[in-house]
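Enquirer:
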Amino acid sequence: MTDRHDYHVNGPLPETPDNDATAGAWPKTTVIGSRRSRVDAYERVSGTAVYPHDVSLPGMLHGAILRCPHAHAKVLSIDTTAAEKMAGVHAVITRATPGTDIPWYERGGTFSSTLFDATCRYAGEEVAAVAAETPLQAADAVRAIEVTYEVLPFVIDDAEALAPGAPAVHDGGNMVGEPRLRERGDLAAGFGEADAVVERTYRTECQIHAPMEPHGSVARWDGNRLTVWDSTQGVFPVQETLARVFALPMSNIRVIGHYMGGGFGAKLETGKYTVMAAIMARMTARPVKIFLPREDCFTATGNRPANTMTIKIGARSDGTLTAIDYHSLGAAGAYAYGADTSSLAVYLYRCPNLRAEDVTVYTNAGKARPMRAPGFPQGAWALEQAMNELAAKVGIDPIAFRLQNLATELQSDPPMPYTSYQLAACLENGAAAFGWQEAAERRVTEGDIRRGVGAAACFWGYAGGPPSTVVVKLFADGSANLNLGASDIGTGTKTWAAMIVAEELGVPVDRIQVENADTATGQYATPSGGSKTVPSDSPAVLAAAAAVKRQLLGFAAEQLEVEPGDLEIRDGEVVSRSDGEKHLAVTAVEMLGRRGLIMGTGYRDPNPEGSVTFPCAAQFCEVEVDTRTGEIRILRFLGAHDSGRVLNRLTFDNQVFGGMAMGIGLGVTEERVLDRRTGRMVNANFHDYKVPTILDVADSHACLAIDVPDEAFNSTGTKGLGEPATIPTAAAIANAVADALGIRVTAAPLTPRAILEAVGSQGKEA
Amino acid sequence: MAKKKPIKDAAESGVTRRGFLGSVGAGAAAVAAGVSTRAEAIPEITDPEEMVQIALTVNGRLHRLLVEPRWTLLFVLRERLGITGTKAGCERGECGSCSVLIDDLPRYACLTLALEAEGTEITTIEGLLDGEELGDVQRAFAEHDAFQCGYCTPGQIVAAEGLLRANPAPTDHEIRHGMSGNLCRCGTYQHIVNAVTHAADGRRKGGGS
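Listed below in structure tokens is the structure:
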């Protein structure tokens, strides 16, 4: 019973005629673009914010889940007798429990599975669950459940999964669908024209989302009404899935996600744990809380798949790209989301002759899930290293080489224009702000401590769209309430939404109450993912504020006896543009007082047709490499980002730096390690799986916002940021390390060991 | 680069995450010594669910309660006292989300048994408030946007508070080492450095609490 994952819809929408096309055409802004601390900063720094993990209800039980220790096994029998008799235990559920035969992961025609499947396809798959008075009692009871498994052969390696005779993860082979093939031009002719060609195989390892709040839910029934507090990126898909699972109307399901402690894509699907908590809550007539132990978050909640990418790329001696041949293989685990990486290779640079193939395979390992720009950081790791190597071969500066070859329209058939695409500015202005030339001249290629610079560019292939509905209410005292459906996953959603209302209505940000992420009391939004919350929902916020403004000015116009079009709101007053004598405090608008409030509803307009919208970025870094220890020290990082109009410059910077931190993880520190003999993840903890600490990021991080509103795309001129912030980071580091060492390390992460091996082999290769 | 040297004196500026587990020697001993324990006074326990009466001083208020010997301070704070500002992130001493001050030093509440914490002054994120008013470090984190999802933030702020109590004028290097026991997956480290620097400046100028 997986979710319907619609980030946005195509086709006609019943848009309200109220959407005001002139809204947001601000001649200048006073709130938008400024640096605002968050509207919920108090709650988040005081400890008063109630995260789902903090929810504690009277009579609440605590759940725990038993997971399969084998990479591939059939569940032959489960004995829960001992567990059921243990102190404090109220419920034990397994696949034998009525009501648990719920379809879960499936792939049309290939396979289907259930909540507790008879076959476990990775070490960590769910086998049983317990609810008990305390978390420790639940954990004790889980350990007392006896399961007999028939252990099956397994495969965890992506290349081995395709070998003849490899163990089948599912019936029907290990290939996930058909390879995705994209071609244009004549590849052989393209390479024939090339004066320089480079070809290498690159590798990125499996990265885990690892948000700081573990995955989990609290479920409470009141008769046949279910309330769930969930650490999720989107409450509405959870509501819809639970309604289907329990065959109840959606109106009987309320999902609340006011606060949540990070997701990065891992909390975009309804958890099995949520359903288990709800099942056991119903059985026991007690609220049930299940939050996963950290180890389970590592093994069972998704990951960025490992990828092996081979790229062959050619250019003429004048630097013009002539051909790209790209092949990607990804291991998507037992229940695939997909492991494609080729989009950057296909579209980032103008290249008439191209072949790009993505192959995804099933393996007996934790499943791939969308993780912060799925496929793109891996693709950048390959493409952007290859671009540097090719630039060196044709003797052109890597920034100039990129600028020379930037695609300025989408190379589809037929080509499509970009609405606004400031990647050249990202590269040029970013290089200037970074001091690219000066940094390159500081290069040190001899001695123990080497120093180098690197850059990488990207776009992110998604910009959102409808649906989104937002309501703004203006109270009689001139303060306001803003209600939107979107989850604030740490990206400052509530704050920029309030800033838009403040800009349009003139209500100070601190007089705006924000409600969000509640299926019962909130408006509708798609989940917060894909860097699309700002570009999808901000136009709806603006339209709602504009709808309030239009009514307010209409009432004021009658009172002042002027045309509504002559009025504007300035510092809490409705003022006539033509006659300065005619003005009125907002709170003195009689009809506002009489009615009690003015309410405006805003909808997200459809995206324009015949064009495509991508945010884009270039990042630059300077590193030191210690050739004695293999350690990389990142001296500084600069991200130059085109995400359209900047709403909140403070949170914009923060997003960029955060994306870089995650990219540093992919490039330098993070790697899921599976034991080849057992298929189990051996570093499912924060000690052995190295999420970057404050000592691992750059000594200084800087952000250059290009800040050109994309007015052709939506009414706020905005595009997304969270994902482009992490796409080029790892590749930029790899380029800087290659610049320092004079040798290219093709496999991430660039651990001290990998660096030392590369340095050790340097003499031999030359 | 992933693994930096543990700080040289844990008692001075707190615990580094990796240093803590990485140095099962002098460093770990210093950590243990930092918590005044009543190990001698604990009777031999045969049943893990047998309750022991203890008294904990949390944010200046004394709580008398019965605990199982295996209960961590984190569990007692969150599940028995309802003090949920202290977050559970890994429950094995690796992420720092559960950081509290024990006698002014940042400690992982998930690695401290409630029993061990008796007789100490425990300060959680809530204890840094003055009534409803934010403390200076909390204010600095708010103003500098030194968080995103906010889940690790109480631990980060407590770690910063502990650092500044031990070292009112930390260098950039000392701030980074002092804060290195607390993971932030949103990656807000640059803003955390900005916030802690600002809080330290403010406190030196007499504006702090």
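Going line by line, the protein sequences match chains R and A.
Quick note, this note's numbering runs 42 ahead of the 1-based positions in the first sequence.
Quick note, this note's numbering runs 22 ahead of the 1-based positions in the second sequence.
Every residue, glycine too, gets a C-beta built ideally from N, C-alpha and C.
Predicted model, so just to flag it, every value in this text is computed and none were measured.
Pull up the CB-CB distance for R/I676 and R/V665, whole angstroms please, since I reckon it's below 8 Å.
Expert: So it is a contact: roughly 5 Å between Cβ atoms.
Enquirer: For A/L156 and R/Y84, I'd like the C-alpha separation in whole angstroms.
Expert: Those two C-alpha atoms are separated by around 8 Å.
Enquirer: State the Cα-Cα distance for the pair R/I531 and A/L123, rounded to the nearest angstrom.
Expert: If you take the alpha carbons of R/I531 and A/L123, they lie about 28 Å apart.
Enquirer: Determine the direct distance from the alpha carbon of R/A659 to that of R/Q453, and round the result to whole angstroms.
Expert: If you take the alpha carbons of R/Q453 and R/A659, they lie about 19 Å apart.
Enquirer: Counting pairs of Cβ atoms below 8 Å between the stretch 274-293 of chain R and the stretch 564-581 of chain R, do you hit three or more?
Expert: Because the criterion of three Cβ pairs below 8 Å is met, the stretch 274-293 of chain R and the stretch 564-581 of chain R touch.
Enquirer: In its own chain, which residues sit with a C-beta less than 8 Å from the C-beta of R/R795, not counting the 5 before and 5 after it?
Expert: Within the same chain, R/R795 has close Cβ partners G672.
Enquirer: Determine the extent of the alpha helix (DSSP H) in which A/H220 is found, giving its start and end residues.
Expert: Taken as a continuous stretch (DSSP letters only), the alpha helix (DSSP H) holding A/H220 covers 211-226.
Enquirer: Please determine, among R/R493, R/A106, R/D552, R/S685, the residue with the shortest C-alpha to C-alpha distance to R/P577.
Expert: The residue with the shortest Cα to Cα distance from R/P577 is R/S685.
Enquirer: Taking 8 Å as the threshold, find out whether the stretch 430-439 of chain R comes into contact with the stretch 268-275 of chain R through three or more Cβ pairs.
Expert: The stretch 430-439 of chain R vs the stretch 268-275 of chain R: no contact.
Enquirer: Please return the same chain residues whose Cβ sits closer than 6 Å to the Cβ of R/A401, not counting the five positions on each side in sequence.
Expert: Here residue 401 of chain R turns out to be Val, not Ala, going by the sequence shown. P221, L371.
Enquirer: Less than 7 Å between the beta carbons of R/N345 and R/C248, yes or no?
Expert: It is a contact, given that the beta carbons lie within the stated cut-off.
Enquirer: At 8 Å on the CB atoms, spell out the chain A contacts of R/I736, in chain order.
Expert: Simply R198, M201, S202, N204, C206, Y211, I214, V215.
Enquirer: Would the stretch 619-631 of chain R and the stretch 473-491 of chain R be scored as touching if the rule is three or more Cβ pairs under 8 Å?
Expert: Verdict: no, contact absent.
Enquirer: In this structure, how does DSSP classify R/D200 when only helix, strand and coil are distinguished?
Expert: R/D200 falls in the helix class under three-state DSSP.
Enquirer: Would you call the stretch 646-659 of chain R and the stretch 757-772 of chain R in contact, with 3 or more CB pairs under 8 Å?
Expert: Contact holds: three or more Cβ-Cβ distances are below 8 Å.
Enquirer: So, is R/L692 buried or exposed, given that buried needs 16 or more other C-beta atoms within 10 angstroms?
Expert: Burial call: buried.
Enquirer: Determine the closest residue to R/P394 out of R/A327, R/M541, R/T364, R/S521, with distance taken between C-alpha atoms.
Expert: Checking every option, the nearest Cα to that of R/P394 belongs to R/T364.
Enquirer: Which of helix, strand or coil does DSSP assign to R/P751?
Expert: Looking at R/P751 - three-state DSSP - the assignment turns out to be coil, as it is neither helix nor strand.
Enquirer: Specify, as a first and last residue, the run of the alpha helix (DSSP H) that R/M217 falls within.
Expert: No alpha helix (DSSP H) contains R/M217, which DSSP labels as neither H nor E.
Enquirer: Please tell me whether R/K574 and R/G506 are closer than 7 Å, where the distance is taken between their beta carbons.
Expert: Against a cut-off of 7 Å, the Cβ pair of R/G506 and R/K574 comes out as a contact.
Enquirer: Determine which residues of the stretch 122-148 of chain A have a Cβ less than 9 Å from any Cβ of chain R, and write them out in chain order.
Expert: So the close ones are T146, I147, E148.
Enquirer: So, R/G503 versus R/S385, is the Cβ gap smaller than 7 Å?
Expert: In contact: R/G503 and R/S385 (Cβ atoms closer than 7 Å).
Enquirer: Do R/F233 and R/G356 have their CB atoms nearer than 7 Å?
Expert: Closer than 7 Å, so yes.
Enquirer: If the cut is a Cβ gap below 9 Å, which residues of chain A does R/S384 touch?
Expert: In chain order: nothing, as chain A lies at least about 27 Å away.
Enquirer: Using CA coordinates, which residue listed in R/V739, R/A183, R/L469, R/G700 is at the minimum distance from R/A768?
Expert: The amino acid at residue 768 of chain R is misidentified as Ala; the sequence shows Thr. Comparing Cα-Cα distances from R/T768 to each of R/V739, R/A183, R/L469, R/G700, the minimum goes to R/G700.
Enquirer: When you compare each of R/G150, R/L178, R/G596 to R/H212 by their alpha carbons, which one comes out closest?
Expert: Cα-wise, what sits closest to R/H212 is R/G150.
Enquirer: DSSP beta-bridge partners for A/E140?
Expert: Looking at the DSSP assignment, A/E140 forms no beta bridge with any residue, so it has no partner.
Enquirer: Suppose you measure from the CA of R/V87 to the CA of A/T175; what does that come to, to the nearest Å?
Expert: Distance between the alpha carbons of R/V87 and A/T175 is about 6 Å.
Enquirer: Under 8 Å: do the stretch 329-346 of chain R and the stretch 444-463 of chain R share three or more Cβ pairs, one atom per stretch?
Expert: Not touching, per the Cβ criterion.
Enquirer: I'd like to know whether the C-beta atoms of R/A528 and R/T535 end up nearer to each other than 7 Å.
Expert: It is a contact, given that the beta carbons lie within the stated cut-off.
Enquirer: Which residues in chain R sit within 7 Å of A/R226, going by Cβ to Cβ distance?
Expert: Under the 7 Å cutoff, chain R gives no residues; its nearest Cβ is about 21 Å from A/R226.
Enquirer: Give a single yes or no on whether R/V73 has its beta carbon closer than 6 Å to a heavy atom of the ligand FAD.
Expert: Absence of the ligand FAD is noted for the structure shown, with no ligands found whatsoever.
Enquirer: Using a C-beta cutoff of 7 Å, does R/E255 count as contacting chain A?
Expert: Cβ-Cβ to chain A under 7 Å: yes for R/E255.
Enquirer: Where does the unbroken alpha helix (DSSP H) through R/N447 begin, and where does it stop?
Expert: Counting along the chain, the alpha helix (DSSP H) containing R/N447 begins and ends at 440-447.
Enquirer: DSSP three-state label for R/I554, please.
Expert: Residue state, collapsed to three classes: strand.
Enquirer: Taking the continuous alpha helix (DSSP H) assigned at R/E827, which residues delimit it?
Expert: The question about residue 827 of chain R has no answer here: the residues shown for chain R are numbered 43 through 808.
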